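Undergrad: Residue numbering for the sequence shown follows our numbering, starting at 1 and increasing by one per position.
Using N, Cα and C, we set each Cβ at its ideal position, and we do this for glycine too.
Keep in mind the model is a prediction, meaning the values are calculated, not measured.
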Amino acid sequence: MECHTFAAHKKDEKYAPFYNAHSTFMSCNTCHFVKEGVTYKWAEIVDGKVVLKEKGDFYGLRYIQAGDRVILSGQDSTAKIVPVYKGVPPEIPLEGNESLLKDAKAIASMHNALSNEPDDCHKKNGKMDFTALWFSPDRVDSIWKKKIFEGLKEYKVIHFPKFIWQE
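1. Excluding sequence positions up to five away, which residues of its chain have a Cβ less than 8 angstroms from the Cβ of GLU13?
2. Evaluate the contact criterion for the stretch 23-40 versus the stretch 75-94: three or more CB pairs, one atom per stretch, below 8 angstroms.
3. Mind checking who LYS53 pairs with in its DSSP beta bridge?
4. Would you decide whether ASN29 is buried or exposed? Buried here means 16 or more other CB atoms lie within 10 Å of its CB.
5. DSSP state of PRO137, grouped into three classes?
6. Out of MET128, ALA66, ALA43, GLN65, state which residue places its alpha-carbon closest to the alpha-carbon of LYS55.
7. For the alpha helix (DSSP H) that contains PRO83, what are its first and last residues?
8. Work out the CA separation of VAL88 and ILE71 for me, nearest whole Å.
9. SER27 to MET128, Cα distance in whole Å?
10. Exposed or buried, which one is PRO137 when buried takes at least 16 other CB atoms within 10 Å?
Here it is in structure tokens:
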């Protein structure tokens with residue numbers, strides 16, 4: 001479910017940490033596998049295989065009041081959102097194909113179909129059905145309103161911890 005380090009996105013210096021943060025709860029191919037008819041589910045790696053999950057307290061599904069703070073649910077979950085095509089999570093089998101990660105043409109084909117616009121996913125009737133992924137109504141509402149991304153646009157420089165940029 002993962003092809004590279006946590007700091008995969010580097011070209012867009014302003015938003016790269018924001019995009020990289022998504023890798024904590026989405027597999028790389030959630031964005032990089034683009035095909036008509038793809039849906040999305042939660043999955044975990046079990047004995048080296050991607051296993052789709054039907055229920056769980058996955059990261060970010062709901063807000064939790066913790067004293068005077070609000071945190072996201074599923075802090076200990078290892079599940080990630082993955083694409084599902086014809087009932088199966090498509091994977092790029094890296095074992096034995098590591099050279100793909102050094103092949104500029106292969107990498108370009110994986111990335112050219114992408115849009116880095118939050119509207120692709122963060123809108124009603126967008127790429128992802130957050131309700132089908134069990135997000136609570138208030139989380140879906142906050143995702144659709146794009147408050148975090150809109151807030152980031154107001155700043156010329158965004159400071160993220162250095163570990164986000166490390167390989």
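TA: With the given structure in hand:
1. none
2. yes
3. TRP42
4. buried
5. helix
6. ALA43
7. No alpha helix (DSSP H) contains PRO83, which is instead part of the beta strand (DSSP E) from 80-84.
8. 32 angstroms
9. 14 angstroms
10. exposed
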